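Asks: Per the numbering used here: the sequence shown = residues 622 to 916.
The beta carbon of each residue, even a glycine, is placed where N, CA and C say it ideally should be.
Model, not experiment: these values are computed from the prediction.
Below is one structure. I have some questions about it.
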Amino acid sequence: MSAKLLDGKGISKEIQKETKVKVEQFIADHGQPPVLAAVLVGDDPASQVYVRNKERACARAGIESQLHRLPATSTTEDILAKVIELNETPKVNGILVQLPLPEQADSRVILDAIDPQKDVDAFHPHNVGLISQGRPQFLPCTPHGIVQMLKRCGLETTGKSVCVIGRSDIVGKPMAMMLGQKNSNLGPEMANATVTLCHSRTQNLASIAQQADILIAAIGRPNFVTPDMIKPGAVVVDVGINRTDQGLVGDVDFDSGKEVAGFITPVPGGVGPLTVTMLLENTLMAAMIQSKPIV
Ligand code: GUN
């Protein structure tokens with residue numbers, strides 16, 4: 622058996638076209654585009670690529686983007702000063718501090734300082750709390766992109782057993798929360814899953830994963846998921862982007878995994894493009910929230 626490819630790149634293009642139309646309407650209604658401000662600290666090569674991709678995607682969608690570069694030696698206070706300045710700039714609708722930050726900077730303090738109404742990553746405790754209560758304002762970009770992809774491929778999650786490998790604040794934890802809810806922004810058929818969240822201390826991880834109808838690998842270890850961990854016919858979503866001597870590699874051993882899975886995302890061209898795409902949607906959403914009249 623050979624799995625069907627889940628074409629994240631193609632689905633991203635489709636969503637970006639829809640976003641562009643909504644952005645044009647926003648500009649017609651408000652006379653100005655949504656604005657995203659990205660803060661890039663230091664010169665981590667991967668972060669530079671991610672930020673460049675975000676800038677290009679913004680330009681395609683008609684969203685204005687600003688890049689605020691700070692030196693690698695910046696302190697928590699230096700970065701906080703920039704975040705506060707952006708919070709207080711009415712024109713800026715969305716703020717994104719690219720992670721990881723240099724070691725000397727306290728990421729928690731910095732992310733907590735972002736105005737929750739401008740928190741397009743949905744990392745602020747206010748937004749995380751709303752997600753956990755099933756009434757999100759913003760959804761984190763990667764998990765949201767995954768739900769969009771499943772929906773658009775006709776793969777419902779309701780009643781399904783889902784295994785998420787990795788408990789990061791960016792992907793694993795919010796993904797597990799979102800799929801276990803009663804409802805989602807895409808309807809109850811894209812929630813209502815029975816979710817198991819596995820991590821580095823999980824015992825019998827392979828046998829837990831092997832029972833999942835939908836397996837989401839977000840652990841950041843190259844080729845971690847081997848065919849014995851995949852239920853025949855399962856949907857396998859690979860969030861990993863690992864730079865190795867062999868080039869970019871996912872968390873799933875793709876060549877052998879595709880022989881067992883029913884559906885599988887490639888790396889690159891799977892989940893990655895969707896993350897950028899959902900950031901555009903969140904920026905538009907932030908602009909809409911901020912342009913509402915205060916009553
Ligand atoms: N670094 C890796 N992924 C992300 C993300 O989704 N948002 C931010 N801000 N930084 C990241």
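Sorted by chain position, which residues of the same chain lie with C-beta nearer than 6 Å to Asn605's C-beta, five sequence neighbours on each side aside?
Replies: Any answer about residue 605 is impossible in this case: the structure gives the chain only from 622 up to 916.
Asks: In the DSSP assignment, what are the bridge partners of Ser686?
Replies: Reading the sequence shown from its first residue, position 65 is the one you call residue 686. Bridge partners of Ser686: Leu657.
Asks: Per DSSP, which one or two residues make a beta bridge with Ile862?
Replies: For the purposes of this step, residue 862 is identified with residue 241 of the sequence shown, where counting begins at 1. DSSP, once it has assigned bridges, lists no residue as partnering Ile862.
Asks: Find the nearest neighbour of Lys908 within the set Ile632, Val642 and His651, judged by alpha-carbon distance.
Replies: Here residue 908 corresponds to residue number 287 of the sequence shown, with the count starting at 1. Reading off the sequence shown, one finds Ala at residue 908, where the question assumed Lys. For Ala908, the nearest C-alpha among the options comes from His651.
Asks: Here's the rule: buried if 16 or more other CB atoms are within 10 angstroms of the residue's CB, otherwise exposed. What is Pro761?
Replies: Position 140 of the sequence shown, counted from the start, is the residue given in the question as residue 761. That one is buried.
Asks: Please report the straight-line C-alpha distance between Glu880 and Ile851, rounded to a whole angstrom.
Replies: Along the sequence shown, one-based indexing puts residue 880 at 259. Along the sequence shown, one-based indexing puts residue 851 at 230. Going by the C-alpha atoms only, they are around 10 Å apart.
Asks: At a cut-off of 8 Å, is Asp742 close to ligand 1 when judged by its beta-carbon and the heavy atoms of the ligand?
Replies: Walking along the sequence shown from the start, residue 742 turns up at place 121. Checking every heavy atom of ligand 1 against the Cβ of Asp742, one is found closer than 8 Å.
Asks: Just verifying my parser: in three-state terms, what is the DSSP assignment at Lys625?
Replies: Position 4 of the sequence shown, counted from the start, is the residue given in the question as residue 625. Residue state, collapsed to three classes: strand.
Asks: For the putative contact between Leu627 and Phe884, defined by C-beta atoms under 8 Å, what is the C-beta separation to the nearest angstrom?
Replies: Looking up residue 627 in the sequence shown gives position 6. Looking up residue 884 in the sequence shown gives position 263. Correct: roughly 5 Å between the Cβ atoms.
Asks: Take the Cβ of Asp866 as the centre, count every other Cβ of all protein chains shown within 10 Å, and call the residue buried at 16 or more, exposed below.
Replies: One-based indexing of the sequence shown puts residue 866 at position 245. Per the 10 Å Cβ criterion, exposed.
Asks: From this set, Asn714, Gln719, Gln754 and Ser728, which residue's C-alpha is nearest Pro737's C-alpha?
Replies: Here the question's residue 737 lines up with position 116 in the sequence shown. For Pro737, the nearest C-alpha among the options comes from Asn714.
Asks: If distances are taken between C-alpha atoms only, which option among Glu706, Gln754, Asn806 and Val644 comes closest to Arg681?
Replies: In the sequence shown, residue 681 corresponds to position 60, counting from 1. Per the Cα distances, Val644.
Asks: If you measure from the CB of Ile731, is any heavy atom of ligand 1 nearer than 8 Å?
Replies: Along the sequence shown, read from residue 1 onward, the residue named residue 731 stands at position 110. No - ligand 1 has no heavy atom lying nearer than 8 Å to the Cβ of Ile731.
Asks: Can you name the residues that DSSP bridges to Leu818?
Replies: For the purposes of this step, residue 818 is taken as residue 197 along the sequence shown, with counting starting at 1. Leu818 is bridged to Val785.
Asks: Under the assumption that Val662 contacts Ala726 (Cβ atoms under 8 Å), give the Cβ distance between them as a whole number of angstroms.
Replies: Within the sequence shown, numbered from 1, the residue matching residue 662 stands at position 41. Within the sequence shown, numbered from 1, the residue matching residue 726 stands at position 105. So it is a contact: roughly 7 Å between Cβ atoms.
Asks: Given a cut-off of 9 Å on the beta-carbon distance, is the pair Leu776 and Val856 in contact?
Replies: Position 155 of the sequence shown holds residue 776. Position 235 of the sequence shown holds residue 856. Against a cut-off of 9 Å, the Cβ pair of Val856 and Leu776 comes out as a contact.
Asks: By DSSP's criteria, Ala838 is part of a beta bridge. Which residues make up the other side?
Replies: Along the sequence shown, one-based indexing puts residue 838 at 217. For Ala838, which the question treats as bridged, DSSP gives the partners Ile786 and Asp859.
Asks: Here's a check: name, in chain order, each residue in its chain whose Cβ is nearer than 7 Å to the Cβ of Lys712, leaving out the five neighbours to either side.
Replies: If you number the sequence shown from 1, residue 712 lands on position 91. Same-chain partners within the cutoff: Val656.
Asks: How far does the beta strand (DSSP E) with Leu988 in it reach, from first residue to last?
Replies: Because residue 988 is not part of the residues shown, which for the chain are 622 to 916, the question remains open.
Asks: Assuming Asp790 and Phe845 form a contact by the criterion Cβ under 8 Å, report the distance between their Cβ atoms to the nearest whole angstrom.
Replies: Residue mapping note: residue 790 aligns to position 169 of the sequence shown, counting from 1. Residue mapping note: residue 845 aligns to position 224 of the sequence shown, counting from 1. Incorrect: roughly 19 Å between the Cβ atoms, too far for contact.
Asks: If distances are taken between C-alpha atoms only, which option among His747, Gly683, Ala797 and Val783 comes closest to Ala649?
Replies: Counting from 1 along the sequence shown, the entry for residue 649 is found at position 28. Checked all of His747, Gly683, Ala797 and Val783; the closest Cα to Ala649 is Gly683.
Asks: Does any heavy atom of ligand 1 sit closer than 8 Å to the C-beta of Gln719?
Replies: Reading the sequence shown from its first residue, position 98 is the one you call residue 719. It does: the Cβ of Gln719 is within 8 Å (strictly closer) of some heavy atom of ligand 1.
Asks: Leu760 by DSSP, collapsed to three states: which one?
Replies: Sequence index remark: in the sequence shown, residue 760 carries index 139 (1-based). Coil, per DSSP.
Asks: Does Lys634 pass the burial test, meaning 16 or more other C-beta atoms within 10 Å, or should it be called exposed?
Replies: The residue given as residue 634 occupies position 13 in the sequence shown. Counting Cβ neighbours within 10 Å, Lys634 comes out exposed, since fewer than 16 surround it.
Asks: Hey, is the segment 763–776 in contact with the segment 818–827, meaning 3+ C-beta pairs nearer than 8 Å?
Replies: Taking 8 Å as the limit for Cβ pairs, the verdict is that the segment 818–827 does not touch the segment 763–776.
Asks: What is the rounded straight-line gap between the Cα of Val670 and the Cα of Gln754?
Replies: Sequence index remark: in the sequence shown, residue 670 carries index 49 (1-based). Sequence index remark: in the sequence shown, residue 754 carries index 133 (1-based). Cα to Cα, the separation comes out at about 34 Å.
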